[in-house]
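Student: Could you have a look at this structure, given as C-alpha cells, before my questions?
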Amino acid sequence: MTIPRSHPRYESLVRRGRLVRAWKRGIVVPEGLVAQGRGEAWDYLFGEGTSAPALVAERAAAAHLLAASRPVISVNGNVAALAAKEVVQLARAIPAGIEVNLFHRTEPRVKKIVRILEGAGARNVLGPRPNARIPGIESKRALSHRDGIFGADVVLVPLEDGDRAEALVRMGKIVISVDLNPLSRTSQRATIPIVDELTRAILNIKKFVEELKTAPAEAARVRRAYRRSGNLAAVFSFLEWRLGGLRRSLAGGGKASRTKKRRRTTRRAVVRQRQ
Ligand code: PTJ
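Structure below.
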C-alpha cells in the first residue's frame, strides 16, 4: 500500500508498514507488533516529537558512548526492521560493536537479522554462536558474546525488556535504553533512559556523537551534568504540561465558542431591534 506523503501521520504509518513486512519475513515476532502499538500510544501523548528531556538524555548517551572502551549496540527484531541503516551508521560513528540479542530467540532469526545489518553495511556483527550468559536472566536474552554485550562497558539497548536492563546494570555496565514508556521497568532501571521513539532517538544520538567527538571537554561536562532522576522527572513534567495544554485548549475552545454564540445572539437582537 502506498501511503500519501500528505498523510498527517505519514512517518508512523511508514514504520508500521516496515514492521508488518519484517514480520512476514520472520524478522519481527508478532509480539513486536504489539510492542510497537504500545509505543505509539505513548508517542501520541508526547506529541509524536522528541521532547527536550529526551534530547538531554540522547546527548548524555552520546557522551557516554564516546567515552566507552567497549561500547556495544544491541539489536532485536523491531530495531532491525525500523532502523538497521541508522544503527549501522551510529555504530560506525562511535565506533561501537553490534550484537543481535533476541528475547524470542531462534538461530534462523538471529542469522536473518545479521544479514539485514550486513546489508546495511555492518561488519563483524555478533549474535550467532554465543559464548557467555548474562547472570540472573532465565530467558534466551541471557545468551551473549564475551566480545559483545557480555564484555561491554556501555550498552545501548533499544526496545528492551526490563530483566536484561536490570541484569546489565547489576554487572556494572552503563545501560542506555530507548523506550517510549517512561514507566517501563527498562526506563526505570537503565542508567540513561531515553524516552523517545527509536528512529528519532538513534538519529539524534548520532548527531550528538558527531558534535561531541570533536569537543571532549564538553562531552565530559555533559557526562557530569546528566542526572537520571532529574531527567525522568522532566519527562513527567513535559507530559503533565502536554496534557494540561490539551485540557486548556478544550476549555478555551468551549469558552471561545460560548463567546461566539453570545455575539451572534446579540447581533441578531440588534438587527431585530432595528427592524
Ligand atoms: O525481537 P525480539 O525477539 O527480541 O523481541 C522484541 C520485543 C520488542 C517483542 C521484546 O523486546 C518485547 O517484548 O519488548 P516489550 O517488553 O514489549 O517492550 C517494548 C517496549 O518498547 C515497550 O515499552 C514499548 O512502549 C516500547 N516501544 C515499542 N516501539 C517503540 C518503543 N519505544 C521506542 N520506539 C519505538 N518504535
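Letter 59 of the sequence shown, counting from 1, is numbered 59 in UniProt numbering, and no numbers are missing.
The C-beta atom is built at its ideal place from N, Cα and C for all residues, glycine as well.
Here the structure is a predicted model, which is why all the values come from computation and not from measurement.
Nearest to residue 137 by alpha carbon, out of 212, 86 and 166?
Tutor: Sequence index remark: in the sequence shown, residue 137 carries index 137 (1-based). The residue with the shortest Cα to Cα distance from residue 137 is 166.
Student: Just list the residues that DSSP pairs residue 99 with in beta bridges.
Tutor: Within the sequence shown, residue 99 is the residue found at index 99, counting from 1. Its beta-bridge partners are 74 and 126.
Student: Following the continuous alpha helix (DSSP H) through residue 187, name the residue where it begins and the one where it ends.
Tutor: Reading the sequence shown from its first residue, position 187 is the one you call residue 187. Start and end: 185 to 189.
Student: Does the distance from the C-beta atom of residue 157 to that of residue 164 stay below 8 Å?
Tutor: The count along the sequence shown starts at 1 and reaches residue 157 at position 157. The count along the sequence shown starts at 1 and reaches residue 164 at position 164. Yes, they are a contact pair.
Student: Considering only residues of the same chain and omitting the five flanking positions on each side of residue 235, which have a CB-CB separation below 6 Å?
Tutor: The residue you call residue 235 lines up with position 235 of the sequence shown. 53, 182 and 195.
Student: Does the region 91 to 102 come close enough to the region 67 to 74 to have 3 or more Cβ pairs within less than 8 Å?
Tutor: yes
Student: Would a C-beta distance cut-off of 8 Å place residue 84 and residue 134 closer than the cut-off?
Tutor: On the sequence shown, residue 84 is found 84 positions in, with the first residue counted as 1. On the sequence shown, residue 134 is found 134 positions in, with the first residue counted as 1. Cβ distance not < 8 Å, so residue 84 and residue 134 don't count as in contact.
Student: If I follow the unbroken alpha helix (DSSP H) through residue 12, where does it start and stop?
Tutor: Here the question's residue 12 lines up with position 12 in the sequence shown. Residue 12 -> alpha helix (DSSP H) spans 10 to 24.
Student: So, does the region 46 to 64 touch the region 196 to 207, judging by three or more C-beta pairs under 8 Å?
Tutor: yes
Student: Residues in the same chain with beta-carbon distance under 7 Å from residue 151, minus the five sequence neighbours each way, listed in chain order, please.
Tutor: Translated into positions along the sequence shown, residue 151 becomes position 151. Here the set comprises 70.
Student: Less than 8 Å separating the beta-carbons of residue 143 and residue 105?
Tutor: By one-based count along the sequence shown, residue 143 stands at place 143. By one-based count along the sequence shown, residue 105 stands at place 105. Yes, the pair counts as a contact, with Cβ atoms nearer than the cut-off.
Student: Strictly under 8 Å for the Cβ-Cβ distance: is residue 142 near chain B by that measure?
Tutor: Considering every chain present, this structure includes no chain B. It has just one protein chain.
Student: Check residue 154 in the structure and name its three-state DSSP category.
Tutor: Position 154 of the sequence shown, counting from 1, holds the residue named residue 154. In the structure shown, residue 154 sits in a strand (DSSP, three-state: E or B).
Student: In whole angstroms, what separates the C-alpha of residue 176 from that of residue 246?
Tutor: Numbered from its first residue, the sequence shown carries residue 176 at position 176. Numbered from its first residue, the sequence shown carries residue 246 at position 246. If I take the Cα positions, the gap works out to 31 Å.
Student: Might you give, ordered along the chain, the residues of its own chain that have their beta carbon closer than 6 Å to the beta carbon of residue 271, omitting 5 neighbours on each side?
Tutor: As a position in the sequence shown, residue 271 is number 271, starting the count at 1. Only weak support is given to the placement of residue 271: the predicted model assigns it a pLDDT of 41, under 50, and the question is left unresolved by the model.
Student: Residue 68: which of 223, 187, 162 and 127 sits nearest, CA to CA?
Tutor: Locating residue 68 in the sequence shown gives position 68, where the first residue counts as 1. Selected option, being the one with the closest Cα: 223.
Student: Taking the alpha carbon of residue 109 as the reference point, which residue from 127, 92, 118 and 123 has its own alpha carbon closest?
Tutor: Residue numbering aside, residue 109 sits at position 109 when the sequence shown is read from its first letter. Comparing alpha carbon positions, the residue from 127, 92, 118 and 123 closest to residue 109 is 127.
Student: Going along the chain, which residues of its own chain have a beta-carbon closer than 6 Å to the beta-carbon of residue 190, five neighbours each way excluded?
Tutor: As a first step, residue 190 must be located in the sequence shown, where it is residue number 190. Contacts found: 165, 175 and 177.
Student: With respect to 7 Å, is the separation between the Cβ of residue 39 and the closest non-hydrogen atom of the ligand PTJ below this value?
Tutor: Numbered from its first residue, the sequence shown carries residue 39 at position 39. Answer for residue 39: yes, Cβ within range of the ligand PTJ.
Student: Candidates 221, 198, 10 and 227: which alpha carbon is nearest residue 80's?
Tutor: Residue numbering aside, residue 80 sits at position 80 when the sequence shown is read from its first letter. Nearest option by C-alpha distance: 198.
Student: Does the distance from the CB of residue 15 to the CB of residue 82 come in under 8 Å?
Tutor: Here the question's residue 15 lines up with position 15 in the sequence shown. Here the question's residue 82 lines up with position 82 in the sequence shown. Result yes, Cβ atoms of residue 15 and residue 82 sit closer than 8 Å.
Student: Give the DSSP-derived three-state secondary structure of residue 175 in the structure shown.
Tutor: As a position in the sequence shown, residue 175 is number 175, starting the count at 1. Three-state result, residue 175: strand.
Student: Measuring only the C-alpha atoms, how far is residue 154 from residue 20?
Tutor: To locate residue 154, count along the sequence shown from 1; it is residue 154. To locate residue 20, count along the sequence shown from 1; it is residue 20. When rounded, the distance between both Cα atoms is 31 Å.
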